[in-house]
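In my numbering, the protein residues as written are 4 to 262.
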């Protein structure tokens, strides 16, 4: 995979919100529904920290929640990933939880580390917190204390459950989440930002994460195009995916420079 471009809103490195929290689905849902399609970063911060929109018990917990939310979701229109997320969020029908996960996945390196393990489970296969603990311990043999390993594994499994990839409480079971046209549009857009073109976009990690066969991805892409979410054209094996008005002129330049 090519290097993630932080100018677009991707985050690389070793830090992770999941050392402390899940993807905070309830909080991001409240915030998005409050802010609508055009709230600014400062407005989001004010309603979380000053007005306590999320109902946190203390000023400290409000600030911590804000830090975690802004780390996971950017919440800034300077990042095209967040602009695309917000643009699609209100069109995602049943796919809002998965759409939130997709953005968090682009911004939380630990979620991406865990993807081959969790997304690789067969539909119906069981997984426990201890299974995720073992995976994390093997990936980072000297990183976690026993307590932090347990809590991080719980948070990771909780996020994949909130997104619809798992169900159950203690013993979780792998399932296929509901995927909407908006989810496919967002996944293809992230592949586009990584420089993938035509059929290669279908094999990107962003699209493969959805767990759909290519024909279902293309069917949803066609439906997305009919709804005006993106542009999709196909002639034989040649495919074109375009995202009008998703990028600024400066972002187009960055994309050209990285390709």
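Every residue gets a Cβ at the ideal spot worked out from N, C-alpha and C, and that includes glycine.
From 14, 15, 12 and 21, residue whose alpha carbon lies closest to that of residue 160:
Answer by Cα proximity: 21.
For residue 254, which of 54, 83 and 40 has the nearest alpha-carbon?
Nearest of 54, 83 and 40 to residue 254, Cα basis: 83.
Quick one: residues in its chain with C-beta nearer than 6 Å to the C-beta of residue 251, no 5 flanking neighbours on either side, listed in chain order?
Hits under 6 Å: none found.
So does the stretch 41-56 actually touch the stretch 146-157, counting three or more Cβ pairs closer than 8 Å?
Cβ pair count under 8 Å is below three, so no.
Spatial distance of residue 87 from residue 43 (CA atoms)
Residue 87 and residue 43: Cα-Cα distance of roughly 14 Å.
Give me the Cα-Cα distance between residue 170 and residue 91, rounded to the nearest whole angstrom.
So the two alpha carbons sit approximately 25 Å from each other.
Quick one: Cα of residue 19 to Cα of residue 113, how far?
About 6 Å.
Do residue 131 and residue 173 count as a contact pair if the criterion is CB distance below 8 Å?
In this structure, residue 173 places its C-beta atom within 8 Å of the C-beta atom of residue 131.
Given a threshold of 16 other Cβ atoms within 10 Å of its Cβ, counted over all protein chains shown, does residue 175 qualify as buried or as exposed?
Buried is the label assigned to residue 175, since at least 16 other Cβ atoms lie within 10 Å of its Cβ.
Counting pairs of beta carbons, one from the stretch 220-234 and one from the stretch 24-43, are three or more of them closer than 8 Å?
Result no; under three Cβ-Cβ pairs closer than 8 Å.
Is the beta carbon of residue 128 less than 8 Å from the beta carbon of residue 186?
No, the Cβ-Cβ distance between residue 128 and residue 186 is not below 8 Å.
Need the endpoints of the beta strand (DSSP E) that residue 153 sits in, please.
Run containing residue 153: none in the beta strand (DSSP E); it sits in the alpha helix (DSSP H), 149-165.
When you compare the CB positions of residue 74 and residue 196, do they come within less than 8 Å of one another, or not?
Contact annotation: residue 74 and residue 196 have beta-carbon atoms that are not nearer than 8 Å.
Is it true that the CB of residue 181 sits closer than 8 Å to the CB of residue 98?
By the CB criterion at 8 Å, residue 98 and residue 181 fall inside the cutoff.
Span of the beta strand (DSSP E) holding residue 141?
For residue 141, no beta strand (DSSP E) run applies; the uninterrupted alpha helix (DSSP H) run containing it begins and ends at 132-142, by DSSP.
Inter-residue CB distance, residue 214 and residue 122 (contact presumed, cutoff 8 Å)
That pair is a contact at about 7 Å.
Which class does residue 25 belong to by DSSP, given the choice of helix, strand or coil?
The answer is coil: DSSP assigns residue 25 none of H, G, I, E or B.
Member of 162, 209 and 256 whose CA lies at the smallest distance from the CA of residue 13
Across the set 162, 209 and 256, the C-alpha of 209 shows the shortest separation from the C-alpha of residue 13.
From residue 59 to residue 65, what distance separates their C-alpha atoms?
Roughly 6 Å separates the two Cα atoms.
Below 7 Å CB to CB, which residues in the same chain sit around residue 124 once its five sequence neighbours on both sides are set aside?
Excluding sequence neighbours, residue 124 sits near 130 and 177.
Distance, residue 133 Cα to residue 156 Cα:
Using only the alpha carbons, I get a separation of about 8 Å.
Locate the alpha helix (DSSP H) running through residue 233, then write down its first and last residues.
For residue 233, no alpha helix (DSSP H) run applies, since DSSP gives it neither H nor E.
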